[in-house]
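Q: Here's a structure for you.
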Amino acid sequence: MKQSVLFTKTRKEAPKDEVSLNAKLLIRGGFIHKRMAGVYEYLPLGLLVLNNIIGVIREEMNAIGGQEMKLSALQDKATWETTGRWDDEKIPVWFKTRLKEGAELGLGFTHEEPLTELMRGYVSSYKDLPVYPYQFQTKFRNEERAKSGIIRTREFIMKDLYSFSRSEAEHRAFYEQCAGAYRKIFKRLGIGEITYRTFASGGVFSTYSDEFQTLSQAGEDTIYIDEAKGIAVNKEVYTDDVLKDLGLEKKNLKEKRSVEVGNIFSLGTRFSDAFKLAFKDENGAQKSAVMGSYGIGPGRLMGVIVETLADEKGIVWPSEAAPFAFHLLNIGGGDEKVRAYTDTLYKKLLKVGIAVLYDDRDLRAGEKFADSDLIGIPKRIVVSGKTLEAKNIEVVERKTGKTKHVAEAELFHRGA
RNA sequence: CGGGGCGUGGUGUAACGGCUAACAUUCCUGAUUUGGGAUCAGGCGACUCCGGGUUCGAAUCCCGGCGCCCCGACCA
3 MKQSVLFTKT
13 RKEAPKDEVS
23 LNAKLLIRGG
33 FIHKRMAGVY
43 EYLPLGLLVL
53 NNIIGVIREE
63 MNAIGGQEMK
73 LSALQDKATW
83 ETTGRWDDEK
93 IPVWFKTRLK
103 EGAELGLGFT
113 HEEPLTELMR
123 GYVSSYKDLP
133 VYPYQFQTKF
143 RNEERAKSGI
153 IRTREFIMKD
163 LYSFSRSEAE
173 HRAFYEQCAG
183 AYRKIFKRLG
193 IGEITYRTFA
203 SGGVFSTYSD
213 EFQTLSQAGE
223 DTIYIDEAKG
233 IAVNKEVYTD
243 DVLKDLGLEK
253 KNLKEKRSVE
263 VGNIFSLGTR
273 FSDAFKLAFK
283 DENGAQKSAV
293 MGSYGIGPGR
303 LMGVIVETLA
313 DEKGIVWPSE
323 AAPFAFHLLN
333 IGGGDEKVRA
343 YTDTLYKKLL
353 KVGIAVLYDD
363 RDLRAGEKFA
373 DSDLIGIPKR
383 IVVSGKTLEA
393 KNIEVVERKT
403 GKTKHVAEAE
413 LFHRGA
C-alpha cells in the first residue's frame with residue numbers, strides 16, 4: 003500500500019485523556035480511533051494487525067480440532083433464563099434492549115447458553131463427541147469502568163471456543179491441548195517469554211481455572227510467579243492452602259503486575275445439564291456432555307503487544323502481527339532517479355506477494371523515519387541517493403535498529 | 001459504585017471577571033531545503049461540552065446536566 007493514499011496519518015501528540023501507552027501509540031500511529039469511553043474503532047492499519055492476530059489464533063484453534071462458526075450478538079431472554087443468567091443482579095454487565103413490540107433482548111457478553119442450546123440439535127450419540135466449536139465475535143460488557151486503552155473495553159472481539167466432551171478424562175486431555183495451543187499463540191505473537199500460565203479461581207465446577215497472564219505495567223492483575231517452574235498464581239487464590247496444594251513455596255514467588263490475555267475454564271455439566279445437552283454412550287446410557295470454555299481477546303492482545311514490546315520511539319510489532327512485512331522509504335528528496343527506482347522496487351515486491359507499505363510521500367527523511375518508527379513495521383527498506391550510488395538498499399530492523407546494506411536481489415532471495 | 005482530576009480550532013496548550021479568545025502543531029499557497037518530525041512568508045479553521053443563573057460585562061464565578069481520565073471496588 004502506498005502511504006500517500008492511506009487516509010490515516012500519524013500524530014506527534016496523543017489526546018490528553020489517553021494515559022495508557024497502548025492507546026497513545028495506537029492513536030498516534032493511526033491504528034485506532036476512540037468513539038467513546040471503552041469503545042474503540044479499528045482503522046486500516048489497526049484492522050490489518052487485528053486480523054493478523056485473529057489469523058494466528060484461528061490457525062492454532064483449527065490445529066486442535068476447532069470448528070469455526072459464528073453465533074449472534076443479539077440474545078433472547080428465554081435462553082438465558084434457563085441458567086438464571088438473565089438476572090441483572092447476577093450479571094451486572096448486560097447491555098439490554100427491546101424489540102419494537104416490547105420483547106427484551108440482550109447483547110451477548112459470552113456465549114455458553116446459546117451455544118449449548120444450539121448444540122442440543124446436533125449431539126445425541128457418543129459418536130457425535132467430542133466437538134470444539136469456536137468463533138470470533140463481538141462481545142458487549144457494560145463495565146462499570148473501562149480502562150487501559152483497548153485492554154478493557156465495553157465492546158470487544160473475543161475468540162471463544164467451547165469444548166463438549168464425553169468424559170472428564172476426555173475433557174481434561176483437550177483442556178491441556180488447548181493450553182498448549184495458547185502457548186504457541188502467545189509465542190508467535192512475541193509475548194511468549196513474558197506470559198505465564200496462572201492458577202486462578204475456578205468457578206463452580208473446578209478448584210482452579212487457568213489464566214494466561216502477560217507481565218505488564220498496564221496490568222490489572224497481580225500474580226505470583228515461580229520462574230523456575232514457569233507457572234504463576236493469581237492473587238485471588240494466593241493462600242497458604244493453595245500454595246501447598248500446588249507445591250509452590252512462598253520464597254520462590256515473585257509478585258508482578260500482569261494482564262490476562264487468555265483463560266480456560268472447566269464448566270463441568272452445568273450448562274449441558276441446564277439445557278439437557280445429553281448423549282447416549284456405548285451402552286445406551288444417557289450422559290451429559292462435559293464442557294469447557296476457552297477465551298482470548300484479540301483486541302486486548304493487540305494492546306498488550308503494544309504495551310510490552312514498544313520502545314521510546316513507538317510500536318514494535320512482532321512479524322506475525324505486523325500490518326506489513328516491510329516499510330519501504332523513499333529518501334530521495336525530489337530526486338527522480340530515486341523515485342523511479344523505489345517505485346519499481348515497490349512493484350516488484352508486490353508482484354512476489356510481499357506485504358509492503360511504501361512511503362512515497364514528498365517529505366523529509368526525518369519525518370519518514372519518525373513515522374516509520376512509530377508505526378513499527380518489523381523491517382524498513384531505505385532507498386536514497388546514497389544507496390542508489392552504492393547499488394544496494396538499506397534494510398533496518400525495527401526492533402534492534404540493526405542496519406544492513408544488501409543488493410536488491412538478496413532481498414528477494416531471502417524473502418519476507 | 002465510592003474518591004479525585006478535567007472539558008477552549010482536528011491535536012496539544014494559553015488567556016486577572018474586561019479590546020477582535022492567543023500560541024504551537026495539523027491543513028492550504030508559495031519560497032527554500034532534502035539521511036532523523038528543518039526554515040521563512042501568507043492563509044483557512046472555535047457558538048470556549050450543554051442548559052440555566054450572577055454581572056454593565058463570563059472561557060473565567062455559581063447551580064444542574066452530559067462527557068472524559070485516574071485510584072479503589074467490581075470483573076467466566
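The opening position of the first sequence corresponds to residue 3 in our numbering, with each subsequent residue numbered one higher.
Even glycine gets a Cβ: it sits at the ideal position worked out from N, Cα and C.
For the beta strand (DSSP E) that residue 273 lies in, which residues bound it at each end?
A: Here residue 273 belongs to no beta strand (DSSP E); instead the alpha helix (DSSP H) covers 272-276.
Q: When DSSP labels each residue in this structure, what does residue 304 get in the three-state scheme?
A: Correct three-state label for residue 304: helix.
Q: For residue 126 and residue 287, I'd like the C-alpha separation in whole angstroms.
A: One C-alpha to the other measures close to 11 angstroms.
Q: Do residue 184 and residue 264 come within 8 angstroms of each other at the CB atom, strictly closer than that value?
A: Taking 8 angstroms as the Cβ cut-off, residue 264 and residue 184 qualify as a contacting pair.
Q: Does DSSP put residue 37 in a helix, a strand or coil?
A: Three-state result, residue 37: strand.
Q: Reducing DSSP to helix, strand and coil, say where residue 135 ends up.
A: The answer is strand: DSSP assigns residue 135 an E or B state.
Q: Distance, Cα to Cα, residue 122 vs residue 138?
A: The alpha-carbon atoms of residue 122 and residue 138 are separated by roughly 21 angstroms.
Q: For residue 294, tell me which candidate among 317, 383, 92, 163 has the shortest Cα-Cα distance.
A: Of the candidates 317, 383, 92, 163, the one whose C-alpha sits nearest the C-alpha of residue 294 is 163.
Q: Secondary structure at residue 393, three-state DSSP: helix, strand or coil?
A: In the structure shown, residue 393 sits in coil (DSSP, three-state: anything other than H, G, I, E or B).
Q: What is the DSSP secondary structure of residue 332, reduced to helix, strand or coil?
A: Of the three classes helix, strand and coil, the one that applies to residue 332 here is strand, per DSSP.
Q: Can you tell me the Cα-Cα spacing of residue 228 and residue 402, whole angstroms?
A: So the alpha carbons of these two residues sit roughly 29 angstroms apart.
Q: For residue 22 and residue 108, what's the separation of their Cα atoms in angstroms?
A: Computed Cα separation, rounded: 30 angstroms.
Q: So what does DSSP say about residue 62, is it helix, strand or coil?
A: Helix.
Q: At 4 residues or longer, and completely inside the region 89-143: list those alpha helix (DSSP H) runs for me, N to C.
A: With a minimum length of 4 residues, the continuous alpha helix (DSSP H) runs that stay inside the region 89-143 are 114-121.
Q: According to DSSP, is residue 9 helix, strand or coil?
A: Coil at residue 9, not helix or strand.
Q: Can the beta-carbon of residue 214 be found less than 8 angstroms from the beta-carbon of residue 224?
A: The answer is no: Cβ separation not under 8 angstroms.
Q: When you compare each of 291, 319, 415 to residue 52 by their alpha carbons, which one comes out closest?
A: It is 319.
Q: Output needed for residue 418: all residues of its chain with C-beta closer than 6 angstroms, excluding positions within five of it in sequence on either side, in chain order.
A: Here the model assigns residue 418 a pLDDT of 45, short of 50, so the residue's position is not dependable and the matter cannot be decided.
Q: For residue 278 and residue 269, what's the separation of their Cα atoms in angstroms?
A: Going from the Cα of residue 278 to the Cα of residue 269 covers about 15 angstroms.
Q: Where do the ends of the beta strand (DSSP E) carrying residue 14 lie?
A: First-last for residue 14: undefined, no H or E at that position.
Q: Please list, in chain order, all residues of the same chain as residue 373 whose beta carbon is under 6 angstroms from its beta carbon, the five residues on each side excluded.
A: Cβ neighbours of residue 373 beyond the five flanking positions: 12.
Q: What do you get for residue 234, buried or exposed, if any count of 16 or more other CB atoms within 10 angstroms of its CB means buried?
A: Looking at its Cβ environment, which holds 16 or more other Cβ atoms inside 10 Å, residue 234 is buried.
Q: What separation, rounded to the nearest whole angstrom, lies between the Cα atoms of residue 63 and residue 336?
A: Residue 63 and residue 336: Cα-Cα distance of roughly 49 angstroms.
Q: Closer than 6 angstroms by C-beta to residue 409: which residues in its own chain qualify, once you throw out the five before and the five after it? Chain order, please.
A: Excluding positions up to five away in sequence, the list reads 394.
Q: What residue from 392, 377, 414 has the CA that sits closest to residue 400's CA?
A: Measuring from the Cα of residue 400, the nearest candidate turns out to be 377.
Q: For the region 76-87 against the region 109-116, do three or more pairs of beta-carbon atoms, one drawn from each stretch, fall closer than 8 angstroms, so that the two count as touching?
A: Yes: the two stretches touch, three or more of their Cβ pairs being nearer than 8 angstroms.
Q: Residue 375 and residue 6: beta carbons closer than 8 angstroms?
A: Taking 8 angstroms as the Cβ cut-off, residue 375 and residue 6 do not qualify as a contacting pair.
Q: When DSSP labels each residue in this structure, what does residue 375 get in the three-state scheme?
A: Here residue 375 sits in helix by DSSP.
Q: How many angstroms separate the CA atom of residue 89 from the CA atom of residue 96?
A: Approximately 9 angstroms, taken between the alpha carbons.
Q: Under 7 angstroms Cβ to Cβ from residue 348, same chain only, skipping five residues before and after it: list those, please.
A: Excluding residues within five positions, the ones whose Cβ falls inside 7 angstroms are 330, 358, 360.
Q: What residues in its chain sit with their C-beta under 6 angstroms from that of residue 217, if we drop five residues either side in the sequence?
A: Excluding residues within five positions, the ones whose Cβ falls inside 6 angstroms are 196, 258, 260.
Q: Taking C-alpha atoms, which residue in 136, 381, 413 lies nearest to residue 74?
A: When only C-alpha atoms are compared, the closest one is 136.
Q: Which runs of the alpha helix (DSSP H), 4 residues or longer, sit entirely within the region 227-277?
A: Within the region 227-277, the complete alpha helix (DSSP H) runs of at least 4 residues are 242-248, 272-276.
Q: Quick check on DSSP: helix, strand or coil for residue 21?
A: Residue 21: coil per DSSP, three-state reduction.
Q: Going by DSSP in three states, residue 418 sits in which element: helix, strand or coil?
A: Because the pLDDT of residue 418 is 45, which lies under 50, any placement of that residue in the model is unreliable, and the number read from its coordinates should be weighed accordingly. Residue 418 falls in the coil class under three-state DSSP.
Q: Report buried or exposed for residue 210, applying the criterion of at least 16 other Cβ atoms within 10 angstroms of its Cβ.
A: Looking at its Cβ environment, which holds 16 or more other Cβ atoms inside 10 Å, residue 210 is buried.
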